[in-house]
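Heads up, the thing below is written out as structure tokens.
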Amino acid sequence: MSDTKQNDQAGKEDRDSPPLRFELMQADDYSKYLLRSKKEIVFILRAMRDKGALITVYFNQGNDFLLTTLLSVSGDGGSMLLDPGSNAEMNRKALASDKLIFIATHDKVKIQFNVKHLAKAEYEGREAFRAAIPEELLRLQRREFYRLTAPIAHPIRCVIPVKMADGSKTTVETTVIDISGGGLGVMAPPEGLEFETDHLFENCRIELPDVGTVLATLRVRNVFEFTLRSGAKTKRAGCQFVDLPGQMLTLIQRYIIRVERERKARETGML
94 MSDTKQNDQA GKEDRDSPPL RFELMQADDY SKYLLRSKKE IVFILRAMRD KGALITVYFN
154 QGNDFLLTTL LSVSGDGGSM LLDPGSNAEM NRKALASDKL IFIATHDKVK IQFNVKHLAK
214 AEYEGREAFR AAIPEELLRL QRREFYRLTA PIAHPIRCVI PVKMADGSKT TVETTVIDIS
274 GGGLGVMAPP EGLEFETDHL FENCRIELPD VGTVLATLRV RNVFEFTLRS GAKTKRAGCQ
334 FVDLPGQMLT LIQRYIIRVE RERKARETGM L
């Protein structure tokens, strides 16, 4: 698709879409989705570059925009190069702006970050934009969290505190089947604990191998029975995180990125 057609298409989408929301401007509401680790930010930007993700850059208080793609991310993770837009006047305005908002979609997750300014540069003999790597990046997954199937070789354990009928307290350990920033699926233990819809479990501990421990409150959203390959029947419970603190969400995102990176490395023969 040519740059002109891309701009025409983006313009049509803007006219047909509701007013834009720049979530980074409401940091209090979205702070738990912000990544501040330079290593994680660079990893996401390089993945976007590899997939040729189309990025819309807004400036002039959101009144002007251009379309771009990432050309490269420096080896030291300090800067990135971007393809200029097709409109020379928009490029000039973008270079003169002191705040630009980048919005894209990567792996069905909304990505957003801000940069203070752009500079002229060259990439493989042609014009390009240079920008500093953002200090923070928004991965907004409120509506559709990326769900990771837990690795079998390194299982995730979830320890759930339970109050017994006689008032005594104990803990039950169960295996996590999948996990996302919104919740997790666990294999219901055969005895000792019954999962019921809307039941709340507080102070649960989710052990993420090589990353850390997530402390969370879980609400059971659904329970269903399924059959294992062995023919044995068991139950799976889908649980939602309740008021998950930002630092706990960051641990989960870090774990998901780590596992996916290792999985892709194995697929390409790099591990």
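The opening position of the sequence shown corresponds to residue 94 in our numbering, with each subsequent residue numbered one higher. All C-beta atoms, glycine included, are put in the ideal place defined by N, C-alpha and C.
Assuming contact is defined by CB atoms lying nearer than 8 Å, are residue i and residue j in contact in what I supplied?
{"i": "P177", "j": "A221", "result": "yes"}
{"i": "I345", "j": "V307", "result": "yes"}
{"i": "I249", "j": "R329", "result": "no"}
{"i": "I137", "j": "H199", "result": "yes"}
{"i": "F152", "j": "K186", "result": "yes"}
{"i": "R356", "j": "C332", "result": "no"}
{"i": "R142", "j": "E229", "result": "no"}
{"i": "R312", "j": "V279", "result": "no"}
Is residue i helix, strand or coil when you go by DSSP?
{"i": "K262", "result": "strand"}
{"i": "L113", "result": "Any answer about L113 is weak, because its pLDDT of 47 lies below 50 and its placement is not dependable; what the coordinates show is given next. Residue state, collapsed to three classes: coil."}
{"i": "Q119", "result": "Low per-residue confidence applies at Q119: pLDDT is 49, beneath 50, and the placement is therefore not dependable, though the value from the model is reported in the following sentence. Three-state DSSP puts Q119 in a helix."}
{"i": "D336", "result": "coil"}
{"i": "A146", "result": "coil"}
{"i": "L127", "result": "strand"}
List the DSSP bridge partners of residue i.
{"i": "I216", "result": "Correcting the residue identity first, residue 216 is Tyr in this sequence and not Ile. Looking at the DSSP assignment, Y216 forms a beta bridge with R219."}
{"i": "A309", "result": "C297"}
{"i": "V269", "result": "I249 and V279"}
{"i": "N392", "result": "Only positions 94 to 364 of the chain appear in the structure, and residue 392 is not among them; the question remains open."}
{"i": "R232", "result": "I204"}
{"i": "M173", "result": "V166 and A224"}
CA-CA distance, residue i and residue j?
{"i": "V150", "j": "I253", "result": "45 Å"}
{"i": "A243", "j": "N207", "result": "33 Å"}
{"i": "E217", "j": "I134", "result": "24 Å"}
{"i": "R114", "j": "T161", "result": "Confidence at R114 is low in this model, with a pLDDT of 49, below 50, so its placement is unreliable and the value that follows should be read with caution. Taking the straight line joining both Cα atoms gives about 19 Å."}
{"i": "K326", "j": "L233", "result": "36 Å"}
{"i": "L174", "j": "A197", "result": "16 Å"}
{"i": "G260", "j": "P302", "result": "33 Å"}
{"i": "S179", "j": "L159", "result": "8 Å"}
{"i": "I294", "j": "G274", "result": "At residue 294 the sequence reads Phe, which differs from the Ile that was named. Approximately 17 Å, taken between the alpha carbons."}
{"i": "A212", "j": "Q154", "result": "19 Å"}
{"i": "R223", "j": "E182", "result": "18 Å"}
{"i": "C251", "j": "R354", "result": "23 Å"}
Is the CB of residue i under 8 Å away from at least one CB in chain C?
{"i": "L337", "result": "Of the protein chains in the structure, only one exists, and it is not chain C."}
Hey, residue i and residue j are a contact pair by Cβ (cut 8 Å); roughly how many whole angstroms apart?
{"i": "L127", "j": "L231", "result": "6 Å"}
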